[in-house]
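Each residue of the sequence shown is one higher than the one before, starting from 1 at the first, in the UniProt record's numbering. From the three backbone atoms N, C-alpha and C, an ideal C-beta is built for every residue, glycine too.
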Amino acid sequence: SKGENPKQTIKGTGTFLIERRITMTMISELPEDLLEEILFRVPARCVKRLGSTCERWNRLFKDKRFTTKHFHKAPKQFLNLMLIECRLSLMHNNLHRFLPVKVTSELNVIDPHSGFDQIWICRVFQCDGLLLCLTYETKPRLVVWNPCTGQTRLINCNKEYATYALGSYQDKTSNDISYKILSCNVYAKKQEFEIYETESNSWRILGVTLDFKLDYFHWGVSLKGKNYCIALDEKERDKN
1 SKGENPKQTI KGTGTFLIER RITMTMISEL PEDLLEEILF RVPARCVKRL GSTCERWNRL
61 FKDKRFTTKH FHKAPKQFLN LMLIECRLSL MHNNLHRFLP VKVTSELNVI DPHSGFDQIW
121 ICRVFQCDGL LLCLTYETKP RLVVWNPCTG QTRLINCNKE YATYALGSYQ DKTSNDISYK
181 ILSCNVYAKK QEFEIYETES NSWRILGVTL DFKLDYFHWG VSLKGKNYCI ALDEKERDKN
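Set out below in structure tokens:
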């Protein structure tokens, strides 16, 4: 509802009195398109807190159309993360000063199944701000985690000894952003690749043969949705 402040009286230079009444428009009364344009520019870490403000906003933040536009329009944020003793920690460092890196807080990745148990992590892969975490367990699992919103998704692994990478692509028709996980069994005599698609929620085998071998300990980095890996040339290695 609209809120109105008490009637204000302003004294003029003569004997006249000027009366005015100020009407304020609440943000909840804004048109849908204007509200979305404002929220598109809210940083991702703040969206999580705003979701509990009202049911209307909570529904909006879960709308796939909104999340896609927010991904492109929201200001980019930089999080310095470090894996310390199987836990992800948020770091702070000043590149302009010779100061040690400081741990500002520990980020808790909650097990999606139990809802309260923290997950122990042995390896982390990132893409577009999403983290793909490999759990430190007898039977490892994959957890896709958004550190800004706290959302998690649990994915079963097909191979016990494998390394992984997370990549993204944009559908040309719908402009939706989708993610895929690449799995490589580097310990096998012949490299075996599988790919997991989040849309179909399933793994499929890639029948490819490479003339190079990926390095398990230097799996690479992700840049703009593409993964760049360090590989060893099999032919050159055989010559040496």
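**OP:** Compute the Euclidean distance between the alpha carbons of valine 171 and glutamate 199, then round it to the nearest angstrom.
**Re:** As a working mapping, residue 171 is identified with position 171 in the sequence shown. As a working mapping, residue 199 is identified with position 199 in the sequence shown. Valine is not the amino acid found at residue 171; the sequence shown has aspartate there. Roughly 12 Å separates the two Cα atoms.
Original post:
For residue 275, which of helix, strand or coil comes out of DSSP?
Top reply: The structure shown does not extend to residue 275, since the chain is modelled only from 1 through 240, so no value can be given for it.
Original post:
Distance, Cα to Cα, valine 47 vs glutamine 191?
Top reply: Here residue 47 corresponds to residue number 47 of the sequence shown, with the count starting at 1. Here residue 191 corresponds to residue number 191 of the sequence shown, with the count starting at 1. If you take the alpha carbons of valine 47 and glutamine 191, they lie about 41 Å apart.
**OP:** Please classify phenylalanine 66: does DSSP put it in a helix, a strand, or coil?
**Re:** For the purposes of this step, residue 66 is taken as the residue at position 66 of the sequence shown. Three-state result, phenylalanine 66: helix.
Original post:
Whose C-alpha, out of Pro43, Ile38, Trp57, is nearest the C-alpha of cysteine 148?
Top reply: Position 148 of the sequence shown, counting from 1, holds the residue named residue 148. Cα-wise, what sits closest to cysteine 148 is Pro43.
**OP:** Alpha carbon to alpha carbon, how far is threonine 152 from valine 144? Give it in angstroms, no decimals.
**Re:** Sequence index remark: in the sequence shown, residue 144 carries index 144 (1-based). Sequence index remark: in the sequence shown, residue 152 carries index 152 (1-based). For valine 144 and threonine 152, the distance between alpha carbons rounds to 6 Å.
Subject >> In DSSP terms, what aspartate 233 is bridged to >> reply: In the sequence shown, counting from the first residue as 1, residue 233 sits at position 233. Aspartate 233 is bridged to Phe212.
**OP:** Work out the CA separation of valine 124 and asparagine 156 for me, nearest whole Å.
**Re:** Here residue 156 corresponds to residue number 156 of the sequence shown, with the count starting at 1. Here residue 124 corresponds to residue number 124 of the sequence shown, with the count starting at 1. If you take the alpha carbons of asparagine 156 and valine 124, they lie about 16 Å apart.
Subject >> Cα-Cα separation between asparagine 175 and threonine 68, rounded to whole angstroms >> reply: By one-based count along the sequence shown, residue 175 stands at place 175. By one-based count along the sequence shown, residue 68 stands at place 68. So the alpha carbons of these two residues sit roughly 8 Å apart.
Original post:
Distance, Cα to Cα, threonine 53 vs lysine 62?
Top reply: Numbered from 1 along the sequence shown, position 53 holds the residue referred to as residue 53. Numbered from 1 along the sequence shown, position 62 holds the residue referred to as residue 62. Note on geometry: alpha-carbon atoms of threonine 53 and lysine 62 lie some 14 Å from one another.
Original post:
Quick one: Cα of serine 183 to Cα of lysine 189, how far?
Top reply: The sequence position of residue 183 within the sequence shown is 183, counting from 1. The sequence position of residue 189 within the sequence shown is 189, counting from 1. Between serine 183 and lysine 189, the C-alpha separation is close to 15 Å.
Original post:
Is the beta carbon of threonine 138 sitting closer than 8 Å to the one on isoleucine 121?
Top reply: Counting from one through the sequence shown, the residue named residue 138 turns up at place 138. Counting from one through the sequence shown, the residue named residue 121 turns up at place 121. Not in contact: threonine 138 and isoleucine 121 (Cβ atoms no closer than 8 Å).
Subject >> C-alpha distance - leucine 130 paired with asparagine 146, whole-angstrom precision >> reply: Here residue 130 is taken as the residue at index 130 of the sequence shown, counted from 1. Here residue 146 is taken as the residue at index 146 of the sequence shown, counted from 1. Approximately 5 Å between the Cα atoms of the pair.
**OP:** Note down the Cα distance separating glutamine 118 from tyrosine 164, rounded to an integer number of angstroms.
**Re:** Reading the sequence shown from its first residue, position 118 is the one you call residue 118. Reading the sequence shown from its first residue, position 164 is the one you call residue 164. Near 21 Å, if we compare the C-alpha coordinates of tyrosine 164 and glutamine 118.
Original post:
What residues in its chain sit with their C-beta under 8 Å from that of lysine 64, if we drop five residues either side in the sequence?
Top reply: Walking along the sequence shown from the start, residue 64 turns up at place 64. Only Asp176 meet the Cβ criterion.
**OP:** Go to leucine 39, then tell me how far its beta strand (DSSP E) extends in each direction, as first and last residue.
**Re:** Along the sequence shown, one-based indexing puts residue 39 at 39. Segment 32 to 39 is the alpha helix (DSSP H) holding leucine 39; no beta strand (DSSP E) there.
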